[in-house]
Structure formats: C-alpha cells, structure tokens
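In my numbering, the protein residues as written are 378 to 616.
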C-alpha cells in the first residue's frame, strides 16, 4: 500500500509557494514607498532651489534699493551745491558724490553678476521641475504595476490555499500533524529527497541502505536518522 508521501510532497510545494507569495506581498508596499521616496527627494530639492532663488532675488532688490538711495543722495548733494557759501563746502560735496558714484558702479556690477546667476537659478528650477514630473510619472507607473501584481498574487494565494485544504483533508491526521511539526522545526522543509547515491539532500547524511530500500518500496513513511525529515526517493534530479 502506497504511503501519503507524494501527497505530502505536493502539500509542501504548495506551502512553500504560498510562503513565497506572502513574502512578496510584504515587499510590494516597500517597493511602492521606495518609488515615492524618489518623488519626495525631487520635491525637497526643488523646494530648496526655489527658496535659494527667492533669497537671491531679495538680495538683488536690497542692492537695487541701495543704488536708489545713493542716487537720491547725489541729487540732494547737487541741490546743496547751489546753496553752499564756500568753495570748501562745494568741493566736499563734489568729493562725496564721486565717492557715491564709485559705490553705485560697484553695486551695479554686483547686480549684473547676480542677474546672470538669476538665469542659472531659473534653468536649475526648470530642470528640477522636469525631474519631479518624471519621478511622479515613474512612481505612478510602478504603483500601478505593483498593485496589478498584488491582485494577481492574492488571487493565486486563494487558489493555492483551496488546493492545499483539499490535499490536507486527504491525508491522515497523524501524518498531517507530523508534517506540520516538521515544517515548523525544519524551516518549511518537512520532506527530504534521497538522491541516487542514498544521500539526504537536506542534511547531506548518507541514509542506511535498508531505509533507502524501504523508502523506495513506499510501504510506510521513513525518516532521515539525522535531520528527522520524512524521506522521499526519486531518480528525477529536478524533483
């Protein structure tokens, strides 16, 4: 009379397939969030660049304000030139205006350079906006793809669990309990294959010839003397 080892082997295959799919379900939200992190990073970089640009524009306005103040001062000095009583006062006003003109020239040079930098800021912000849009598009594509994958996996898990229940119901209570115990104790590998050399493929121990022959006869479930897994003999190396 054949044992239930073939059924238990299929049960183990299903269980491990379910475990892998459930692990994949846990990974999918992480991958979606990882794509979202790229969007957040692009948003943060754009925000920082816009803040720097705003600060840059404020500095230009301050310097332009200084230029206007100096120009007003020069106008006032020219008006005073018509009112002064002495040559000394007149020369002092001329000298002050010369000094102011130099300051205005220096400030205007700085403003020209800063205005050139303004174009660089605009280009940088424009480029960052494009990058942000690309990252948003990628994130949406990844999210859609991963959600499709998630739905497919969830559907397949339901199918596998339905098959599993039928298989579990078809084996004896004793064998099922032993199988469940070994799955927990042996990292979801309750059944070990005996290779053609009589070696347990899970713990690499040589199985006694008598045990190998009894496993081949398939009259009762045999166990590895070392790792205590249920034994299954096959000549199919891909089993």
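We treat Cβ as the ideally placed atom computed from N, Cα and C, and that holds for glycine.
Membership of residue 608 in the beta strand (DSSP E) is indicated by the continuous run 607-610. DSSP places residue 537 within a helical segment (H, G or I) once states are collapsed to three.
Pairing residue 385 with residue 413, the inter-Cα distance amounts to about 43 Å. Taking all protein chains shown into account, residue 396 has fewer than 16 neighbouring C-beta atoms within 10 Å of its C-beta and is therefore exposed. In this model, residue 604 and residue 417 are separated by some 50 Å (Cα to Cα). With respect to the 8 Å criterion, residue 436 and residue 491 are classified as neighbours on the basis of their beta carbons. In this structure, residue 586 and residue 602 do not form a Cβ contact; the two beta carbons are roughly 12 Å apart against a cut-off of 8 Å. Residue environment for residue 388: buried (at least 16 other C-beta atoms within 10 angstroms of its C-beta). Ranked by Cα distance from residue 485, the options 599, 532, 564 and 442 are led by 442. Of the residues assessed, residue 489 falls on the exposed side of the cut-off, its CB having fewer than 16 other CB atoms within 10 angstroms. The Cβ neighbour count for residue 439, taken over all protein chains shown within 10 Å, is under 16; the residue is labelled exposed. For residue 569, the secondary structure class from DSSP, reduced to helix, strand or coil, is strand.
Counting only the Cα atoms, residue 531 lies some 14 Å from residue 540.
In the DSSP assignment, residue 396 falls within the alpha helix (DSSP H) that extends over 382-458. With a minimum length of 4 residues, there is no unbroken run of alpha helix (DSSP H) contained wholly in the segment 453-504. Judged by beta-carbon spacing, residue 398 lies within the 8 Å limit of residue 533, meaning their Cβ atoms are closer than that value. Inclusion of residue 544 and residue 391 in the CB contact set at 8 Å is warranted, their separation being smaller than that value. Between residue 501 and the set 428, 394 and 458, the nearest pair of CA atoms involves 428. Relative to residue 536, the option among 421, 596, 465 and 394 whose CA is nearest is 394. Cβ neighbours of residue 480 within its own chain (closer than 7 Å, five residues either side excluded): 447.
Under the 10 Å beta carbon count, residue 476 is surrounded by fewer than 16 other beta carbons and is classified as exposed. Note on residue 463: under 16 other CB atoms within 10 angstroms of its CB, so exposed under the neighbour-count rule. Here the alpha carbon of residue 415 sits roughly 12 Å from the alpha carbon of residue 423.
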